[in-house]
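Notes follow the structure.
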């Protein structure tokens, strides 16, 4: 399948990219979200500005917090010792995107700009309180991940704005995991659950929980968090959290003929328990 | 737009429409038809090649993105007239039925076995999640990959 015709520009710097982008243009990094959508003619930008060669947008640094450049690939994030140490859930989620070939070229910035509800990294970014750093012609701004994902394939990005990096608080003293039920063919998440637990001995001092796949966007789950916090993560607390998570995502459910909304909602509870087991196991 | 791409050790310069996918460039410009267009949605892996040593689904990259890169296709995997060990192993274990997925399977597996000597059957099956065989001939494919991974570990 051939995408629509477009004008192609290669940018050497962020300023060059922001100067080149037109109203009908899109930025191209790895292309592993954008090109499939263009091939299916679900999108037809008139211009692509290739940011894949901009060195300053790529790489991972760990100075107190984790900072990941927008064009860093899923494979690079999954393999990074810094990410594994500071946010194990994100390393795990990036290691579960698609397959190895997709992870070698798909980028974190492209992934979140696309905002596919069934993708893996957004769920962890929302659970772990990540911040998305954005640059536009008018200057730079930062948006919390929870506010960045607005709705189905919809983000807080304005036209002509470029994601430059994503930052995460140091989560090395948390127990953090991402567990998903992958679609048998596409490997996209039918349900994906991220948990980030702060433990005080056997007691869960605080919990962060987010669900994706089952929902039109990654959703932070306050009810499930409250059910886990203060507990010893015993069966009663896990069952309460599994019930609560179904209510948390109730307004945002997504489904299809094979995996309807009610099924995914039920599975969110099941996979929440598995995510807690993975985080503490 | 002008692109210069090294494919199987040979430099090629072409003027391409920017919307040309790498798989189209390989098949239609260079007549390298080993990489197949299967699902065309980055799921099946029939179009798998190596780009700068990394496994890539060539239906999901523009040829202009590969400008300056070094691409290896199934046609370039054999060296000096000798099959790559993965090609030999697919032959010996009959790791194919209709053969449509085979170039992609071999390209994906060759990279994997080299980086994961001694990989278990489970690891191999998990890794090959991005390559689909419609004949469902996975058993011998996995056997073929295991033979190379085992040999790499000794």
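Protein chains in written order, with the numbering used here: chain X, 996 to 1276; chain U, 466 to 619. From the three backbone atoms N, C-alpha and C, an ideal C-beta is built for every residue, glycine too.
Under the 8 Å Cβ criterion, the stretch 1000-1007 of chain X counts as touching the stretch 1048-1056 of chain X, having at least three qualifying pairs. Among the residues of the stretch 1047-1074 of chain X, those with a Cβ less than 7 Å away from any Cβ of chain U are 1047, in the order of the chain. Excluding sequence positions up to five before and after residue 533 of chain U, its CB lies within less than 7 Å of the CB of 469, all in the same chain and listed in chain order. Residue 1176 of chain X sits away from residue 1190 of chain X, with the two beta carbons spaced by 8 Å or more.
When DSSP states are grouped into helix, strand and coil, residue 1230 of chain X belongs to the helix group. The three-state secondary structure of residue 502 of chain U, taken from DSSP, is coil.
A direct Cα-Cα distance of roughly 17 Å separates residue 1203 of chain X from residue 1276 of chain X.
Collapsing the DSSP output to three states places residue 586 of chain U in a helix. Residue-level contact check: residue 1097 of chain X touches chain U, since one or more beta carbons of chain U fall below 8 Å from its beta carbon.
Here residue 1189 of chain X carries a strand assignment [DSSP, helix/strand/coil]. By a beta-carbon distance limit of 8 Å, residue 1040 of chain X contacts residue 1019 of chain X. Their separation comes to about 6 Å. If you check the CB distance, residue 500 of chain U and residue 523 of chain U come in under 8 Å. Secondary structure at residue 495 of chain U: coil, using DSSP grouped into helix, strand and coil. It is roughly 21 Å from the alpha-carbon of residue 481 of chain U to the alpha-carbon of residue 517 of chain U.
With contacts defined as CB atoms closer than 8 Å, residue 497 of chain U and residue 538 of chain U qualify as a contacting pair. Using beta-carbon distances, residue 536 of chain U does not count as an interface residue toward chain X, since no partner is under 8 Å.
Legend: CB atoms of the stretch 486-515 of chain U lying less than 8 Å from CB atoms of chain X belong to residues 486, 489, 505, 506, 507, 508, 510 and 513. With respect to residue 484 of chain U, residue 1215 of chain X sits apart: the two C-beta atoms are not nearer than 8 Å.
Residue 558 of chain U sits in coil when the DSSP states are folded into three classes, being neither helix nor strand.
When the alpha-carbon of residue 1239 of chain X is set against those of X:1219, X:1256, X:1257 and X:1249, the nearest one is in X:1219. From the beta-carbon of residue 520 of chain U, the residues of chain X found nearer than 8 Å are 1095, 1096 and 1099. Residue 1173 of chain X has a beta carbon lying at 8 Å or more from every beta carbon in chain U. Shown here, residue 996 of chain X sits in coil according to DSSP, grouped into three states, outside any helix or strand. Within the DSSP secondary-structure output, residue 1058 of chain X pairs in a beta bridge with X:1060. Counting the other CB atoms within 10 Å of its CB gives residue 1252 of chain X a total below 16, which places it among the exposed residues. Here residue 1120 of chain X is not near residue 1129 of chain X, since their CB atoms are 8 Å or more apart.
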